[in-house]
Amino acid sequence: MDFKLTDEQVKLRKEVFDVCEKLAKERPEGFTGLEGVYDTDEGWEYHLRCAKEFAKRGWLSLEWPSEYGGRGTIMDKVFLAEATGYHDVPGVDIFGVLMLAPTLFAAASEEIKKEFLPSIASGERMWCELWTEPNAGSDLAALSTSAVRQGDEYVINGQKIWSTGAHRAHWAFALVRTDPHADRKQKGITFILFDMKTPGVTVNPLLYMDSGHLYNEVFLDDVRVPVKNIVGEENQGWGVTQTLASFERSNLGAIMAMHRQLEDMVNYCNETKVKGEPLARNPLIRNRLAQIACELWAAHALAYRIADAQSRKEMAAFDASAVKVFSGELQARMAQFGTDILGPYGQVKHSKWASFEGFYEKWYQQSFILNISMGTNEIQRNIIAWYGLGLPRMK
Ligand SMILES: Cc1cc2nc3c(=O)[nH]c(=O)nc-3n(C[C@H](O)[C@H](O)[C@H](O)COP(=O)(O)OP(=O)(O)OC[C@H]3O[C@@H](n4cnc5c(N)ncnc54)[C@H](O)[C@@H]3O)c2cc1C
Numbered sequence: 006m007d008f009k010l011t012d013e014q015v016k017l018r019k020e021v022f023d024v025c026e027k028l029a030k031e032r033p034e035g036f037t038g039l040e041g042v043y044d045t046d047e048g049w050e051y052h053l054r055c056a057k058e059f060a061k062r063g064w065l066s067l068e069w070p071s072e073y074g075g076r077g078t079i080m081d082k083v084f085l086a087e088a089t090g091y092h093d094v095p096g097v098d099i100f101g102v103l104m105l106a107p108t109l110f111a112a113a114s115e116e117i118k119k120e121f122l123p124s125i126a127s128g129e130r131m132w133c134e135l136w137t138e139p140n141a142g143s144d145l146a147a148l149s150t151s152a153v154r155q156g157d158e159y160v161i162n163g164q165k166i167w168s169t170g171a172h173r174a175h176w177a178f179a180l181v182r183t184d185p186h187a188d189r190k191q192k193g194i195t196f197i198l199f200d201m202k203t204p205g206v207t208v209n210p211l212l213y214m215d216s217g218h219l220y221n222e223v224f225l226d227d228v229r230v231p232v233k234n235i236v237g238e239e240n241q242g243w244g245v246t247q248t249l250a251s252f253e254r255s256n257l258g259a260i261m262a263m264h265r266q267l268e269d270m271v272n273y274c275n276e277t278k279v280k281g282e283p284l285a286r287n288p289l290i291r292n293r294l295a296q297i298a299c300e301l302w303a304a305h306a307l308a309y310r311i312a313d314a315q316s317r318k319e320m321a322a323f324d325a326s327a328v329k330v331f332s333g334e335l336q337a338r339m340a341q342f343g344t345d346i347l348g349p350y351g352q353v354k355h356s357k358w359a360s361f362e363g364f365y366e367k368w369y370q371q372s373f374i375l376n377i378s379m380g381t382n383e384i385q386r387n388i389i390a391w392y393g394l395g396l397p398r399m400k
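Shown next as structure tokens:
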């Protein structure tokens, strides 16, 4: 692939970075990443405000076909992921913009696309993903939430878990079992959309160990959803799921956030002296900084490769798995490195002794998340082994 950008792309990339830099100045105090978006009312309002700013410039639908208001190029979308990641600015709904929209283009009827895409492009409707259940995580096809057809509606009953942002989201895309008698568990699953305000939907918080509220369990009791809200065909939801999962795993925002953190860490090491010598002169620290820089650029190149493959509609499932594994584990190594360098200061926040406003205290605790969410890294390695390397499938 050719990484060289056209003049028009260079201009757009600069514009996107400039707007994000400006929006970053309006960030509520203590706002970081996904926790910033979902944990507080202030953070959620900031997220919606940023979404409106992007929407009015057409940036939430950049890569969409022109009949839906897009310009049709995936690389344009890459710039927004880079700029929001680098400046830690929200506004791009990971579920609606990054996962559901491309899935609708790949699998939904025209009617569904016309009904649901405009409110994603305008940043007005935010989404959550209701897939995982207490007994269906890695083995997602074991899900048991049932949807029984009654006339023009499904009646849905079951429980979902680890539902990121479900307490804020307006709508959900869910997986439900419509045929419990199918000969394989992957058959008989349907992909369906519903309003989180539908009677029978109850959202309970699952607080993070630092008490942040990002995750939830969601109970569905006789939730009535119109049959017309399914994506793809009834009982064929597994195929739709596979399409969406590959969009879910391309991790460019997180990679750009790490570039920023590396820059900040380099500045810190240049400015901070121990026994009269800047940390930047310590060979062990220089070595680890250089190692992280190498790995970060490798992750960046992998993510660009995915964007290129997506734009040519040639993306293999294991491409996204590879970048997900590599960037997720790099994130954990960076968090570990940051806390090592800061020493005892890395363990405090809300204190005058906290470096980086307590960022590493939080990040260290959260850094392993990427190794579990979006399908664990063990499962991604299985995908790479089967589809990428052609190794035999293990039962
Ligand atoms: C922070 C976070 C956010 C999440 N957000 C959402 C969300 O918004 N919506 C949603 O639907 N879900 C969400 N999830 C759920 C996530 O997708 C699941 O946690 C994940 O798929 C693993 O499922 P599980 O937790 O049931 O673990 P299990 O499937 O029980 O796995 C337990 C361990 O066994 C390993 N294992 C299991 N099977 C195999 C195998 N065949 N080979 C090798 N190792 C194996 C796993 O890798 C893991 O280490 C989120 C999870 C987290 C942690």
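Here our numbering is used: the first residue of the sequence shown is 6, the next is one more, and so on. The beta-carbon is built from N, C-alpha and C at its ideal position, and this holds for glycine as well.
From the options, residue whose alpha carbon lies closest to that of residue i
i              : options                           : result
alanine 340    : Ile297, His355 and Ile311         : Ile297
glutamate 116  : Tyr73, Ala327, Lys329 and Ile384  : Tyr73
cysteine 55    : Ala314, Met131, Leu335 and Trp302 : Met131
glycine 96     : Gly48, Glu120 and Val83           : Gly48
serine 372     : Trp358, Ser356, Gly333 and Met379 : Gly333
histidine 218  : Thr45, His305 and Asp98           : Thr45
isoleucine 377 : Phe59, Gln336, Asp345 and Lys118  : Gln336
glutamine 155  : Tyr220, Pro33, Ile79 and Lys233   : Lys233
threonine 381  : Glu120, Gly128, Ser326 and Asp313 : Ser326
asparagine 411 : Ser316, Lys119 and Leu284         : Residue 411 lies beyond the range of the chain shown here (6 to 400); nothing can be said about it.
glutamine 191  : Thr246, Thr89 and Gln385          : Thr246
aspartate 345  : Leu394, Glu138, Leu396 and Arg293 : Arg293
tyrosine 309   : Lys82, Leu375, Glu276 and Ala60   : Lys82
tryptophan 64  : Pro123, Ala141 and Gly35          : Pro123
valine 24      : His92, Gly343, Val160 and Glu40   : His92
glycine 38     : Met320, Lys367, Ala146 and Glu383 : Lys367
glutamate 300  : Asn275, Met270, Leu289 and Arg338 : Arg338
Beta-carbon proximity list for residue i, same chain, < 6 Å, skipping 5 on both sides
i                 : result
alanine 179       : Leu135 and Ile197
alanine 86        : Leu257 and Gly258
arginine 18       : Phe84
valine 42         : Gly48, His52 and Pro95
threonine 150     : Gly163 and Val181
arginine 398      : Trp391
phenylalanine 8   : none
serine 168        : Cys133, Leu135, Asn221 and Val223
alanine 106       : Ile125
glutamate 362     : none
valine 405        : Not covered by the structure: residue 405. The range shown for the chain is 6 to 400.
phenylalanine 323 : Ile388, Ile389, Tyr392 and Gly393
Sheet register partners of residue i (DSSP bridge)
i                 : result
isoleucine 194    : Arg182 and Gln241
valine 279        : Glu282
asparagine 209    : Glu222
glycine 163       : Leu225
arginine 154      : Tyr159
phenylalanine 199 : Ala177
isoleucine 235    : Ile197
leucine 135       : Ala179
valine 230        : Tyr159
alanine 141       : Glu138
Beta-carbon proximity list for residue i, same chain, < 8 Å, skipping 5 on both sides
i              : result
glycine 193    : Arg182, Thr183, Asp184, Pro185, His186, Ala187 and Asn240
methionine 201 : Cys133, Ala171, Ala174, His175, Trp176, Ala177 and Val208
alanine 303    : Phe331
methionine 214 : Gln370
Cutoff 7 Å; reference residue i; Cβ partners in own chain excluding five residues on either side
i             : result
threonine 195 : Ala152, Val181, Thr183, Ile235, Glu239, Asn240 and Gly242
leucine 347   : Ser360 and Tyr365
glycine 101   : Ile125, Arg130, Met131 and Trp132
glycine 205   : Leu225, Asp226, Asp227 and Val228
histidine 305 : Ile260
methionine 80 : Gln14, Ala312 and Ser316
threonine 277 : Pro283 and Leu284
proline 33    : Glu47, Gly48 and Tyr51
arginine 386  : Val330
leucine 212   : His218
serine 127    : Ala60
lysine 57     : Gly128
leucine 396   : Ala390
Review point. Okay, do the region 339-356 and the region 386-393 touch, 3+ Cβ pairs below 8 Å being the bar?
Key: no
**Study point:** Given 8 Å, three or more beta-carbon pairs between the region 93-112 and the region 59-70
**Key:** yes
Review point. Are three or more beta carbon pairs between the region 259-276 and the region 211-226 nearer than 8 Å?
Key: no
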